[in-house]
Amino acid sequence: SLAGAVHLQRLLRESGQDASVGVLEKAGEVGAHSLSGAIVDPRALRELFPDKNDQDFPFEAEVSEEHLYYLTETRKIPFPFIPPSMNHHGCYVASLGKLTRWLGEACEKDGVDIFCGFAGTELLYDGDQVIGVRTGDRGIDKKGVQKQHFEPGADIHAKVVVLGEGTRGSLTKMLLHRHNLMDERNPQVWAVGVKELWQMPAGIVQPGYVAHTMGFPLGHDIFGGAFLYGMKNDIWNLGLVLGLDYKNPGVDSHHELQNLKTHPWIRSLIEGGKMVAYGAKSLPEGGWYSIPKLSISGAMLIGDSAGFMNGQRLKGIHLAMKSGMLAAETISKALAENNFTESKLGDYEDRMKSSWIRDELWKVRNFHQGFDHGLFGGLTNAGIGLLTGGRGWGFKNRLTSEPGHLQLEKGLKKDRYKDLEFDGTYLFDKV
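Going by UniProt numbering, the first residue of the sequence shown is number 1, and it counts up by one from there.
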């Protein structure tokens, strides 16, 4: 977490501690692997930079107009109101890549060392205590042969390793498995978000315009919905999120996004534009009870690696930042005492449970699980949860769930995309 690195560097400077803070970034530059056409809750940024105004952050625009629609194949039906938990008043449309680059610059100004182009491939151990990371060799061709500029990987030792790899990170999976950090937790449930950026003619796009939809093209049996955000310079950010716990093995996220664009309303919005960028990202949707144990001796989990995402709000950036900041506070105390044991680093989890991360996620702890019963079952459970503090169906403190792959039905199903025709202008094949 770049936010955590900035916060830790400041804490060390304030306390007079002599320690270095470093960030390993597998991408060639900061922000290159950060993908999200996001609406950002600025809460964590305001805490991290109390001397700045929201206008100082690299946002696209403040949310100025917001809609929630149910889509049929040809119509859009507005919801009579937007639930408070899904209201984005005071939030900002942003490019996560731009925000990440901005935070990277803030890190370097504060003296944090950022090492781009280095991917961690293995955790280093002394017994059961993590003591560092081994990076991968560089300069290897696709056949595994060393090229002229080959560089062997390095062992980087650290008092504490903080894993913020996003979803399904390789080192995180090693840590979860070796230390059984998911014991007594619900299995994590995943979703994937796919998006396109559309460059429109001047004057078409209202920056700060926000619309979310449910219904078409996913129907009632697949969790998810679409989003449309207005950005600067007449760019539409159009995308779709769908849960990977669907039953039909023929479902394809890319094709669902293309199908979305056959809707008359969506088509009218992108008419005359040009698709200029495309991307996809996985999301942890399991909620509070899918958060693993967060620390062991020498290591901690933050952000998507820890499952910190509010599935109802479709937000995790502010939670990732705050978790990094709480980890930083724990590390600062551990450095002062030269104690990096599991019991000491376990203070991080206590801090998290005393913070607004817990307050926010607790209220939606059973949100995703309700959609195991379809769209209307999920909406019913979510509505009851608003009135009962997040209880499942109004009376259950904890709803369980199955991993997505176990919910797939066997055998080929009816082709959902047989009528989808790619024209290369508005609808695109994968290749």
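Think of the CB as a built atom: it goes at the ideal place given N, C-alpha and C, for glycine as much as any other residue.
Taking the C-beta atoms as reference points, residue 357 is found nearer than 8 Å to residue 319. In the DSSP secondary-structure assignment, residue 351 is not bridged to any residue. With respect to residue 302, residue 40 sits apart: the two C-beta atoms are not nearer than 8 Å.
Around the Cβ of residue 84, a 10 Å sphere holds fewer than 16 other Cβ atoms; the residue is exposed. In this structure, DSSP gives residue 231 an extended state, which the three-state scheme calls strand. Residue 155 places its beta carbon 8 Å or farther from that of residue 201.
Rounded to whole angstroms, the Cβ separation of residue 238 and residue 196 is 5 Å, and the two are in contact under 8 Å.
At a Cβ-Cβ threshold of 8 Å, residue 22 and residue 113 count as neighbours.
Contact between the stretch 176 to 190 and the stretch 29 to 47 is not established, with fewer than three Cβ pairs separated by less than 8 Å. Fewer than three beta-carbon pairs drawn from the stretch 130 to 142 and the stretch 302 to 314 are found closer than 8 Å, and the two stretches are therefore not classed as touching.
For residue 415 and residue 332, the gap between their C-alpha atoms comes out near 55 Å.
Bridge pairing for residue 341: absent [DSSP]. Secondary structure of residue 100 (DSSP, three-state): helix.
Annotated three-state conformation of residue 389 is coil, per DSSP. The Cβ atoms of residue 371 and residue 243 sit closer than 8 Å to each other.
Residue 343 sits exposed, since fewer than 16 C-beta atoms from the chains shown fall within 10 Å of its C-beta.
Between the stretch 214 to 231 and the stretch 92 to 100 there are three or more C-beta pairs closer than 8 Å, enough to call the two in contact. Taking all protein chains shown into account, residue 64 has fewer than 16 neighbouring C-beta atoms within 10 Å of its C-beta and is therefore exposed. The three-state reading of DSSP puts residue 111 in coil, since its state is none of H, G, I, E or B.
Under DSSP, the beta-bridge partners assigned to residue 396 are 392.
Excluding five sequence positions before and after residue 7, the CB atoms of its chain that fall closer than 8 Å to its own CB belong to 48, 324, 325, 328 and 329, given in chain order. Inclusion of residue 121 and residue 169 in the CB contact set at 8 Å is not warranted, their separation being larger than that value. Per DSSP, the unbroken beta strand (DSSP E) holding residue 121 starts and ends at 120 to 126. Contact between residue 381 and residue 366 holds, since their C-beta atoms are separated by about 7 Å, short of 8 Å. Annotation for residue 295: 345, 346 and 348 place their beta carbon closer than 6 Å to its own, counting only its chain and skipping 5 residues before and after. Here residue 80 is exposed. Its C-beta has fewer than 16 other C-beta atoms within 10 Å. Taking a contact to require three or more Cβ pairs closer than 8 Å, the stretch 71 to 79 and the stretch 208 to 221 qualify as touching.
When DSSP states are grouped into helix, strand and coil, residue 420 belongs to the coil group. Residue 59 counts as buried, since at least 16 other C-beta atoms from the protein chains shown sit within 10 angstroms of its C-beta.
Between residue 260 and residue 226 the beta-carbon gap is near 5 Å, inside 8 Å, which marks them as a contact. Of the candidates 185, 410 and 119, 185 places its Cα closest to the Cα of residue 287. Comparing alpha-carbon positions, the option among 309, 2, 299 and 336 lying closest to residue 163 turns out to be 299. In this structure, DSSP gives residue 249 a state outside helix and strand, which the three-state scheme calls coil. Per DSSP, the unbroken alpha helix (DSSP H) holding residue 6 starts and ends at 2 to 15. Going by DSSP, residue 172 is part of the alpha helix (DSSP H) stretching over 170 to 179. Judged by beta-carbon spacing, residue 2 lies within the 8 Å limit of residue 103, meaning their Cβ atoms are closer than that value.
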